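Written below as structure tokens is the structure these notes are about.
In our numbering, the protein residues as written are 29 to 139.
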């Protein structure tokens, strides 16, 4: 499917609540400039897009405790990402720790 793209510099600017490296304001697309201040309370961010590791690092730098992202050298099919997310989120909603939920999501691919 089609994906919207966001440069890493733009993402970092949105998370900081300031202008991006190209000078555009962080609120251009409706994201509140106060989002960076609120990220410290965010416990889990899941980035299901391919090559999202650098974006994940930006979330960690902004204060998120746990970030699940896809490394740039990994090839993940949409169906596989959805299956991982289903098992991961189910485990979280059942009260499992983030680590345990992550392992449960990964286990869907073990043969």
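Beta carbons: idealized from backbone N, C-alpha and C, even for Gly. None of the values given here were measured: they were computed from a predicted structure.
The segment 93–100 and the segment 69–78 touch, with three or more beta-carbon pairs separated by less than 8 Å. Per DSSP, the unbroken alpha helix (DSSP H) holding residue 115 starts and ends at 106–121.
In the structure shown, residue 70 falls within a coil segment according to DSSP collapsed to helix, strand and coil. Taking each of 85, 98 and 137 in turn and checking the Cα distance to residue 79, the smallest one comes out for 98. C-alpha of residue 137 to C-alpha of residue 116: approximately 12 Å in a straight line.
A direct Cα-Cα distance of roughly 10 Å separates residue 105 from residue 77. Of the residues assessed, residue 130 falls on the buried side of the cut-off, its CB having 16 or more other CB atoms within 10 angstroms. Partner residues in the beta bridge of residue 95, as assigned by DSSP, are 73.
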